[in-house]
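In UniProt numbering, the protein residues as written are 1 to 510.
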């Protein structure tokens, strides 16, 4: 059933356009269809015109009507026209119905965006301007969703208009929806423009802004999701073109998309974007070893956390990302190195606090011999530099990086014996054990993640089981070795003659 305006409502809302309708028979015919329910929908009135006029003249006349609608702010007509079926003018000729030219479509899109920005400085008509602007943007969304040709009419001239619309908080929902609708065409047509890169960066920062609602943030997530799936160089391009803050925000959005699942729908990401995260971790470690600019140190730490979170989620999708992640050990080995640096930073902080406390409160008591610093971090320049950067980072970022590394190691090793051995040879077992102690600055579930990761590291891996068996059994009160071995399903026996502990092979342990 078609929806029509009643005569009374039509006259009440559009009385001031009566003279315009009298002067233009086509525009008047369009409005007359809204008054009388016995008429077919408005676009059928246009279909009668080619009988009386040459097709070329008719096409120009239709374009003129559309531009007149835009110019006169008759956007309710235009939106209805696009929504109910008039989009056939955008799609192509059928049964004598001509299609608009590319220039006409481009002018229509630019006209609608300009309407949304008109009158922004007039306080007296602010409310009317907002309503008209919303209607114009919704018209864009309707037309783009109905017509591929209209979507392809986007041009670089639209970029600055969209950037201006982002600065109007009342229009953000409609602006975000229009950007999502145009995202595929805009990426192809405008992808090489500097303004497009700037627009992506501004959208990423808006996603992290406290002034954006969750519903609006979901539009931005959808926009990034489209790029992650269809643009194999999206993350690498953002790394090269965006500022550190903007690129960090892009990684944050990607991490949320990879970690979330709505109605069993999984965000699709091109495998090259996942491979880039591995390459980025390698780049970060290399830069720390070669010396890094001070302004990038803290940004690198936060980017490392988001990259590892992305890889942790990707590791569970073996069928999609097996080649860049699970078929080679480089990713899990780098994550173990980063975790060691985080633990080294934590160790340095704790030793400084204990030293200051003992000097102030108990100067006459014997001093406790401090634990020895991890030799692998101490003797490796890049890990030492990373540890120093972690110490300078906010505590929330440090906790995120630590928990992300533990989670990633567990996900990588859960079904890959080769990765268990590779991670264990890098010291992952003892590093994970150190994470099983909850501190006041840790994430709430770090202990549970550590237990799960340790189980995945040790089950079916005698090499990693032996590491637990041979570790120094000191009464730290943190690790009960016998209880831990029992929980992991590992049995040991003590030689009564020598007192040596020996691992017993059980079915399932290979």
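Even for Gly, the Cβ is constructed at its ideal location relative to N, Cα and C.
Given the structure is predicted, the values throughout are model-derived calculations rather than measurements.
Contact under 7 angstroms by Cβ, residue i with residue j
| i | j | result |
| --- | --- | --- |
| residue 136 | residue 154 | no |
| residue 253 | residue 183 | no |
| residue 315 | residue 412 | yes |
| residue 242 | residue 201 | yes |
| residue 403 | residue 434 | no |
| residue 421 | residue 454 | no |
| residue 179 | residue 223 | yes |
| residue 408 | residue 323 | no |
| residue 389 | residue 336 | no |
| residue 163 | residue 199 | yes |
| residue 204 | residue 250 | yes |
| residue 177 | residue 219 | yes |
| residue 399 | residue 338 | no |
| residue 350 | residue 377 | no |
| residue 457 | residue 447 | no |
| residue 208 | residue 156 | no |
| residue 210 | residue 248 | no |
| residue 141 | residue 181 | yes |
| residue 159 | residue 196 | yes |
For residue i, the nearest candidate out of the options (CA to CA)
| i | options | result |
| --- | --- | --- |
| residue 112 | 133, 101 and 383 | 133 |
| residue 236 | 280, 216, 161 and 223 | 280 |
| residue 299 | 318, 246 and 341 | 246 |
| residue 386 | 351, 442, 329 and 282 | 282 |
| residue 401 | 159, 102, 267 and 306 | 306 |
| residue 104 | 187, 152 and 268 | 152 |
| residue 130 | 173, 439, 244 and 101 | 173 |
| residue 440 | 469, 463, 417 and 395 | 395 |
| residue 329 | 310, 460, 290 and 278 | 278 |
| residue 332 | 217, 417 and 256 | 417 |
| residue 310 | 290, 347 and 272 | 272 |
| residue 348 | 391, 169, 468 and 289 | 391 |
| residue 393 | 289, 468 and 345 | 345 |
| residue 287 | 185, 383, 102 and 186 | 383 |
| residue 301 | 244, 321 and 256 | 244 |
| residue 415 | 206, 379, 102 and 317 | 317 |
Distance between residue j and residue i (C-alpha atoms, nearest Å)
| i | j | result |
| --- | --- | --- |
| residue 451 | residue 436 | 7 angstroms |
| residue 60 | residue 109 | In this prediction, residue 60 has a pLDDT of 49, which is less than 50 and means its spatial position is unreliable; nothing more can be read from the coordinates. |
| residue 276 | residue 118 | 42 angstroms |
| residue 232 | residue 139 | 31 angstroms |
| residue 319 | residue 397 | 31 angstroms |
| residue 343 | residue 419 | 21 angstroms |
| residue 326 | residue 284 | 21 angstroms |
| residue 150 | residue 106 | 8 angstroms |
| residue 270 | residue 221 | 16 angstroms |
| residue 91 | residue 148 | Here the model assigns residue 91 a pLDDT of 48, short of 50, so the residue's position is not dependable and the matter cannot be decided. |
| residue 175 | residue 291 | 42 angstroms |
| residue 190 | residue 234 | 14 angstroms |
| residue 267 | residue 230 | 12 angstroms |
| residue 460 | residue 449 | 19 angstroms |
| residue 185 | residue 308 | 31 angstroms |
| residue 257 | residue 379 | 38 angstroms |
| residue 462 | residue 373 | 27 angstroms |
Residue i classed as buried or exposed, judged by whether at least 16 other C-beta atoms fall within 10 angstroms
| i | result |
| --- | --- |
| residue 381 | exposed |
| residue 259 | exposed |
| residue 410 | buried |
| residue 143 | buried |
| residue 19 | Low confidence applies to residue 19: its pLDDT is 43, below 50, so where it sits in the model is not reliable enough to give any reading. |
| residue 429 | buried |
| residue 352 | exposed |
| residue 294 | exposed |
| residue 146 | buried |
| residue 426 | buried |
| residue 465 | buried |
| residue 216 | buried |
| residue 470 | exposed |
| residue 171 | buried |
| residue 467 | buried |
Any chain C beta carbon closer than 7 angstroms to residue i
| i | result |
| --- | --- |
| residue 347 | Among the chains of the structure shown, chain C does not appear; only one protein chain is present. |
Near the ligand GDP: residue i beta-carbon under 6 angstroms from a heavy atom
| i | result |
| --- | --- |
| residue 259 | Of ligands this structure carries none, so the ligand GDP is not represented either. |
### Query
Whole alpha helix (DSSP H) runs in the region 155 to 210 with 4 or more residues, listed along the chain?
Runs of the alpha helix (DSSP H) inside the region 155 to 210: 157 to 165, 172 to 190 and 194 to 208.
### Message
Threshold first: 4 residues or longer. Then list the alpha helix (DSSP H) segments lying entirely within the region 311 to 353, N to C.
### Response
Complete alpha helix (DSSP H) runs here, min 4: 318 to 321.
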